[in-house]
Amino acid sequence: MTDKSEITTPGKPSPQLRQESEWAMKPLIDVFEDDTGLTLHADMPGVSRQGLDITVDSDTLTLEGKADIAMTEGMTPLYADVRSNRYRRSFALSRELDTEHIEATLRDGVLILRIPKLKQYQPRRIEIRAG
Amino acid sequence: MFDRMNPIDDTLFDEFRRVEREMDRMMGPTTKPGGIRDAARGSYPPVNIGATAEQVDIYLFAAGLNPDAVEITIHQQLLSVAGERPLITEQGATYYRQERFDGTFQRAITLPGDVDPDRVDASYRDGVLHITIRRSEPSGPRQIEIH
Chain R
639 MTDKSEITTP GKPSPQLRQE SEWAMKPLID VFEDDTGLTL HADMPGVSRQ
689 GLDITVDSDT LTLEGKADIA MTEGMTPLYA DVRSNRYRRS FALSRELDTE
739 HIEATLRDGV LILRIPKLKQ YQPRRIEIRA G
Chain U
1065 MFDRMNPIDD TLFDEFRRVE REMDRMMGPT TKPGGIRDAA RGSYPPVNIG
1115 ATAEQVDIYL FAAGLNPDAV EITIHQQLLS VAGERPLITE QGATYYRQER
1165 FDGTFQRAIT LPGDVDPDRV DASYRDGVLH ITIRRSEPSG PRQIEIH
């Protein structure tokens, strides 16, 4: 059982949780695949290591981040393209992916995830011996 | 109900109109045509602007930048931020999604009239470029003397 299902009463979702999930932004991503795995790049400006949360729940990968922006006290917002300080995006993973060995790096607000394929799904090079 | 006639309320509404005018100056009027330099929403990078009486804070949400490749200039009331974010495309890989911004960008922001272009600070942290510009005098209500 996940934390969320414990907090939320079935049929009556907590308004606070609902509001938070609605307000999260979808980080923009690039995804590409090579022979040995998938690589995902996500833009999450404002998110530090402490504010980043990556979870795999059965076959669902979820990226969550909280941007920590230094605000001056008593500031009046004048213009905002960015209306939330939360990011959230989920992906369904396929079974050939090795979720035990996902590697994540975060630098200057760019998250890089490397999801390798399980060994048995990686192409094998077959050596041809000279006859 | 008659409280609405109270002069204190009038000054409050004046204050609202003043804020409205100031916002118009910052963003371009909402009902009239926008400024010729105003960027469309959805331009890269996304920008947030906030202000206090002492300073104007501009936040540009641009992950993965090389700060050395960013140029910040102020000419009169126009702040311009130009830079480049070239993405490296992996050769031989199959791309499923390419949503992230790739290439050169420029954003121009019209500042309030009282900013001091000589007192500007810029920092880059976790993919957010934060520019602080001090205002030369408090922008609060001022008493105008009639001679």
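Chains as they are written, first to last, in our numbering: chain R, 639 to 769; chain U, 1065 to 1211.
Built from N, CA and C at the ideal position, the CB exists for glycine as well.
Beta-carbon proximity check, residue i vs residue j, cutoff 8 Å
i, j, result
"E734 (chain R)", "L716 (chain R)", "no"
"I1056 (chain U)", "I1195 (chain U)", "The requested residue 1056 (chain U) is not part of the displayed model; chain U covers only 1065 to 1211."
"G712 (chain R)", "T1116 (chain U)", "yes"
"A705 (chain R)", "V685 (chain R)", "yes"
"L744 (chain R)", "Y725 (chain R)", "no"
"A718 (chain R)", "N1130 (chain U)", "no"
"E765 (chain R)", "Y1160 (chain U)", "no"
"L699 (chain R)", "L731 (chain R)", "yes"
"E1148 (chain U)", "A1133 (chain U)", "yes"
"T1174 (chain U)", "Q1207 (chain U)", "no"
"G703 (chain R)", "P754 (chain R)", "no"
Residue i versus residue j: straight-line alpha-carbon distance, rounded
i, j, result
"G689 (chain R)", "I707 (chain R)", "11 Å"
"T693 (chain R)", "K664 (chain R)", "16 Å"
"T714 (chain R)", "Q1119 (chain U)", "11 Å"
"F1125 (chain U)", "P1110 (chain U)", "5 Å"
"L666 (chain R)", "V1145 (chain U)", "21 Å"
"R687 (chain R)", "R727 (chain R)", "17 Å"
"D668 (chain R)", "Y1188 (chain U)", "23 Å"
"G1156 (chain U)", "D673 (chain R)", "9 Å"
"D681 (chain R)", "R762 (chain R)", "34 Å"
"A1186 (chain U)", "H1139 (chain U)", "16 Å"
"R1199 (chain U)", "S1107 (chain U)", "27 Å"
"E738 (chain R)", "Q1162 (chain U)", "26 Å"
"D736 (chain R)", "F729 (chain R)", "14 Å"
"T1094 (chain U)", "D691 (chain R)", "The pLDDT assigned to T1094 (chain U) is 48, lower than 50, so where the model puts this residue is not dependable; a value taken from the coordinates is nonetheless given after this. When rounded, the distance between both Cα atoms is 38 Å."
"S696 (chain R)", "I740 (chain R)", "14 Å"
"G1114 (chain U)", "L749 (chain R)", "27 Å"
"P683 (chain R)", "P1176 (chain U)", "26 Å"
"Q760 (chain R)", "Q1170 (chain U)", "43 Å"
"H679 (chain R)", "A768 (chain R)", "43 Å"
"M709 (chain R)", "E1135 (chain U)", "23 Å"
"Q758 (chain R)", "T1158 (chain U)", "20 Å"
Residues that residue i bridges to, as DSSP identifies them
i, result
"F1125 (chain U)", "U:V1192"
"H679 (chain R)", "R:D668, R:I750"
"N1112 (chain U)", "R:A718, U:Y1123"
"S728 (chain R)", "R:T700"
"G1167 (chain U)", "U:R1149"
"L1175 (chain U)", "Looking at the DSSP assignment, L1175 (chain U) forms no beta bridge with any residue, so it has no partner."
"D691 (chain R)", "R:E702"
"A742 (chain R)", "R:L751"
"M663 (chain R)", "R:Y725"
The ligand MN heavy atom lying under 7 Å from the CB of residue i
i, result
"M682 (chain R)", "Annotation note on the ligand MN: not contained in the displayed structure, which lists no ligands."
Within chain A, the residues that residue i reaches when beta carbons sit closer than 7 Å
i, result
"S686 (chain R)", "The structure shown has no chain A; the protein chains it does contain are R and U."
Fill in: Residues from the stretch 1150-1170 of chain U in contact with chain R, defined by Cβ distance under 8 Å
Cβ contacts with chain R come from L1151, E1154, G1156, A1157, T1158, Y1159, Y1160, R1161, Q1162, E1163, R1164, F1165.
Item to complete: Could you please tell me which residues of the stretch 713-729 of chain R, in chain order, have their CB closer than 8 Å to any CB of chain U?
Response: Listed by position, the residues of the stretch 713-729 of chain R near chain U (Cβ gap below 8 Å) are M713, T714, P715, L716, Y717, A718, D719, V720.
Worksheet item: Should the stretch 1180-1195 of chain U be called in touch with the stretch 1159-1171 of chain U, which here means at least 3 C-beta pairs below 8 Å?
Response: In short, these stretches do not touch, since the Cβ pair count stays below three.
Practice prompt. Taking 8 Å as the threshold, find out whether the stretch 1168-1180 of chain U comes into contact with the stretch 1152-1159 of chain U through three or more Cβ pairs.
Written response: Segments in contact, no.
Discussion item. At a CB distance below 7 Å, what residues from the stretch 1116-1139 of chain U approach chain R? Give them in sequence order.
Written reply: So the list reads T1116, Q1119, D1121, Y1123, F1125, A1126, A1127, G1128, L1129, given in the order they occur along the chain.
Worksheet entry | Residues of the stretch 742-758 of chain R whose Cβ lies closer than 9 Å to any Cβ of chain U, in chain order | Of all residues in the stretch 742-758 of chain R, only L744, R745, D746, G747, V748, L749 come within less than 9 Å of chain U when Cβ atoms are compared, listed by chain position.
Worksheet item: Taking Cβ-Cβ distances below 7 Å as the criterion, which residues of the stretch 1178-1200 of chain U are in contact with chain R?
Response: Interface annotation for the stretch 1178-1200 of chain U against chain R: D1190, G1191, V1192, H1194, criterion Cβ-Cβ distance under 7 Å.
Practice prompt. Name, going along the chain, the residues of the stretch 662-678 of chain R whose beta-carbon falls closer than 8 Å to a beta-carbon of chain U.
Written response: Of all residues in the stretch 662-678 of chain R, only L666, I667, D668, V669, F670, E671, D672, T677 come within less than 8 Å of chain U when Cβ atoms are compared, listed by chain position.
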